[in-house]
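Worksheet: the structure to be examined is printed underneath.
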Amino acid sequence: LRIYVEKLKGLSPLDKLSQGFSRVEDGEGRTVSDIEQIHPGDLLTVYVKNGRALAEVKEAAAWNPQELAKGEKARKRLCR
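Residue numbers (this note's numbering): 1 to 80.
Put into structure tokens, the structure is as follows:
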């Protein structure tokens, strides 16, 4: 039974928020999951484990795979 409780806890949205994740909604209350959904000037609500914040989008850009690779290399150097 304990194993099932732990598995269910891992599925809890509140547990994910406690791990540093957040949930983001647009002005209509729809979950934002893609950069194409937001534009500069949009107001978003960001939910974290113990509250929420209203944020204005200043810039919205898709991930560039080359920039991600550079960032990962830099992170690895710093974590040595």
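For glycine and all other residues, C-beta sits at the position ideal for the given N, C-alpha and C.
Asked: Alpha helix (DSSP H) segment containing leucine 14, residue limits; Found: 13 to 18
Asked: As assigned by DSSP and simplified to three states, the class of arginine 30; Found: coil
Asked: Contacting residues, own chain, Cβ-Cβ under 6 Å from glycine 41 (five flanking each side not counted); Found: none
Asked: Extent of the continuous beta strand (DSSP E) run through glutamate 59; Found: Note, glutamate 59: premise wrong, no beta strand (DSSP E); not H, not E.
Asked: Limits of the beta strand (DSSP E) - the one that glutamate 25 falls within; Found: 23 to 25
Asked: Cutoff 6 Å; reference phenylalanine 21; Cβ partners in own chain excluding five residues on either side; Found: none
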